[in-house]
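Residue numbers (UniProt numbering): 1 to 373.
Each residue gets a CB set at the ideal place from its N, CA and C atoms; glycine is no exception.
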């Protein structure tokens, strides 16, 4: 079978040699995602690129294409025409994703070209994996990348190129004038440190252990520039800052003074109202409330002696005063009703004087006056 596959590759994939370069064998944990780089020749910049799934090149099926990048939820594809690299991402890896794939370029009016790789999905921890496939560093700085492998075997660090690879196979070396140090640590962790990065250090790298590879993309950017101000510029900026602070202080004063005055006026008004209300309440409480319980009538009766002309009649004068009595002190503002009464006693005589007897008939004339004391 392997011989037959090699024969098919020679027939259908020979045109892909040095036209497309990619990984050969990668592993991924079940449920995770992995991104695969595919480098292509400059003459295919404007061609459609695609990922083909299947053991045979002649019968593989489209997984995703650059002219239909959103046609699949399982796969995604992007094309960087300036760097001449298109990448494919396989998401949520499952057992059925363990198969051969082809990085391919569509040739109008001719046979398409492609380069294959094998993806192995593991239920347990893969034999070789990295926490993050994307790393970023600054020009002139160092960067360390951590790899996890099952048996801490010797690893290689290679930069992926269209025509072959540049690799560091020992514990140290250099790629594109950047020094590389490889350190295999205990507990299945290995590190690759790149010292004094340059802009040329950017690109796709492969961590290689045996026949397994793990692609890692490195992006190198310039450090953020630190601006050093001249004495004149610094003085001007300091002056501007002081002016701004002074303006802010003045603005705050303009707002604070009216606000404080308004608060003071409100406090004085509230205090005055409170004092007036308290004074009025005290005045009302100091005045006794008149309470009517009993009504007392005072009467002064004077009996005058009869004169000869007034014989047979008694005249009684009675002054009646109507006053309201309270349990406590009587207010002087209370109105007192004074009632005057004239009482006249008339002796009534009958026709028969011998049988006559006295009967007192009293006539009373009462006058009521309102007296204010």
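Integer-rounded CB distance, given that residue 122 should sit under 8 Å from residue 27: As a working mapping, residue 27 is identified with position 27 in the chain shown. As a working mapping, residue 122 is identified with position 122 in the chain shown. The pair is a contact, with the Cβ atoms about 6 Å apart (cut-off 8 Å).
Is the CB-CB distance between residue 98 and residue 127 below 7 Å? As a first step, residue 98 must be located in the chain shown, where it is residue number 98. As a first step, residue 127 must be located in the chain shown, where it is residue number 127. No; because the gap between Cβ atoms is not below 7 Å, this pair is not in contact.
I need the straight-line Cα distance from residue 225 to residue 175, nearest angstrom please. Counted from its first residue, the chain shown places residue 225 at position 225. Counted from its first residue, the chain shown places residue 175 at position 175. When rounded, the distance between both Cα atoms is 27 Å.
Quick one: what does DSSP say residue 388 is sitting in, helix, strand or coil? With the chain running from 1 to 373 in the structure shown, residue 388 is simply not present.
Which one of 35, 19, 169 and 214 has the shortest CA to CA distance from residue 107? On the chain shown, position 107 is the one that residue 107 refers to. Among 35, 19, 169 and 214, the Cα nearest to that of residue 107 belongs to 19.
Is it buried or exposed for residue 263, if we count other Cβ within 10 angstroms and need 16 for buried? By 1-based counting over the chain shown, the position of residue 263 is 263. When all chains shown are included, residue 263 counts as exposed.
Span of the beta strand (DSSP E) holding residue 104? For the purposes of this step, residue 104 is taken as the residue at position 104 of the chain shown. It spans 99 to 105 - the beta strand (DSSP E) in which residue 104 sits, taken as one unbroken run.
Among residues of its own chain, excluding the 5 on either side of residue 60, which ones have a beta-carbon nearer than 7 Å to its beta-carbon? As a first step, residue 60 is located in the chain shown; it is residue number 60 there, counting from the start. So the qualifying residues of the chain are 52, 53, 54 and 102.
Tell me the rounded alpha-carbon separation between residue 89 and residue 130. Working through the chain shown from its first residue, we reach residue 89 at position 89. Working through the chain shown from its first residue, we reach residue 130 at position 130. The straight-line gap from Cα to Cα measures roughly 15 Å.
When we look at the beta-carbon of residue 138 and count the other beta-carbons within 10 Å, is it buried (16 or more) or exposed? One-based indexing of the chain shown puts residue 138 at position 138. The residue in question, residue 138, is exposed, as its Cβ has fewer than 16 Cβ neighbours within 10 Å.
Alpha carbon to alpha carbon, how far is residue 43 from residue 85? For the purposes of this step, residue 43 is taken as the residue at position 43 of the chain shown. For the purposes of this step, residue 85 is taken as the residue at position 85 of the chain shown. Roughly 12 Å between the two C-alpha positions.
3-residue-minimum beta strand (DSSP E) runs that sit fully inside the UniProt domain "Immunoglobulin" (132 to 221), ordered along the chain: 134 to 138, 143 to 149, 156 to 160, 165 to 168, 172 to 175, 178 to 184, 189 to 195, 203 to 209 and 212 to 221
Of the residues 181, 158 and 79, which one's Cα is nearest the Cα of residue 214? Within the chain shown, numbered from 1, the residue matching residue 214 stands at position 214. Selected option, being the one with the closest Cα: 158.
If residue 143 and residue 207 are in contact, beta carbons under 8 Å, what's the gap, nearest whole angstrom? By one-based count along the chain shown, residue 143 stands at place 143. By one-based count along the chain shown, residue 207 stands at place 207. Actually they are not in contact, since the Cβ atoms of residue 143 and residue 207 sit about 14 Å apart, beyond 8 Å.
Using C-beta distances below 6 Å, list every residue in its chain close to residue 87, excluding the 5 sequence neighbours before and after it, in chain order. Start at 1 with the first residue of the chain shown, and residue 87 comes out as number 87. Same-chain partners within the cutoff: 35, 37 and 78.
In whole angstroms, give me the CA-to-CA distance for residue 179 and residue 187. Taking the first residue of the chain shown as 1, we reach residue 179 at position 179. Taking the first residue of the chain shown as 1, we reach residue 187 at position 187. If I take the Cα positions, the gap works out to 25 Å.
When we look at the beta-carbon of residue 96 and count the other beta-carbons within 10 Å, is it buried (16 or more) or exposed? As a working note, residue 96 is residue 96 in the chain shown. Exposed, by the Cβ-count rule.
Reduced DSSP secondary structure (H/G/I, E/B, other) of residue 72: Translated into the one-based positions of the chain shown, residue 72 becomes position 72. Here residue 72 sits in coil by DSSP.
Compute the Euclidean distance between the alpha carbons of residue 167 and residue 204, then round it to the nearest angstrom. Translated into the one-based positions of the chain shown, residue 167 becomes position 167. Translated into the one-based positions of the chain shown, residue 204 becomes position 204. Using only the alpha carbons, I get a separation of about 12 Å.
Where are the alpha helix (DSSP H) runs, 4 residues long or more, that stay fully inside the UniProt domain "Immunoglobulin" (23 to 122), in chain order? none
Report all residues from its chain with a CB closer than 6 Å to the CB of residue 104; omit the five preceding and five following residues, and keep chain order. In the chain shown, counting from the first residue as 1, residue 104 sits at position 104. Excluding residues within five positions, the ones whose Cβ falls inside 6 Å are 50, 52, 112 and 114.
If residue 25 sits next to residue 211, beta carbons under 8 Å apart, how far is it from one beta carbon to the other, in whole angstroms? As a working mapping, residue 25 is identified with position 25 in the chain shown. As a working mapping, residue 211 is identified with position 211 in the chain shown. At roughly 6 Å, the Cβ-Cβ gap stays under 8 Å, so residue 25 and residue 211 are in contact.
Helix, strand or coil: which one does DSSP assign to residue 426? The question about residue 426 has no answer here: the residues shown for the chain are numbered 1 through 373.
Burial state of residue 23, where buried means 16 or more other Cβ atoms lie within 10 Å: Sequence index remark: in the chain shown, residue 23 carries index 23 (1-based). Label assigned to residue 23: buried.
Assign residue 136 to buried or exposed, taking buried as 16 or more other Cβ atoms, counted over all protein chains shown, within 10 Å of its Cβ. Counted from its first residue, the chain shown places residue 136 at position 136. Exposed is the call here.
How many Å lie between residue 281 and residue 275 at the Cα? Within the chain shown, residue 281 is the residue found at index 281, counting from 1. Within the chain shown, residue 275 is the residue found at index 275, counting from 1. Roughly 10 Å between the two C-alpha positions.
Can residue 219 and residue 202 be called in contact, C-beta distance under 7 Å? Here residue 219 corresponds to residue number 219 of the chain shown, with the count starting at 1. Here residue 202 corresponds to residue number 202 of the chain shown, with the count starting at 1. Yes.
Can you say whether residue 64 is buried or exposed, counting buried as having 16 or more other CB atoms within 10 angstroms of its CB? On the chain shown, residue 64 is found 64 positions in, with the first residue counted as 1. It is buried - the Cβ of residue 64 has at least 16 other Cβ atoms within 10 Å.
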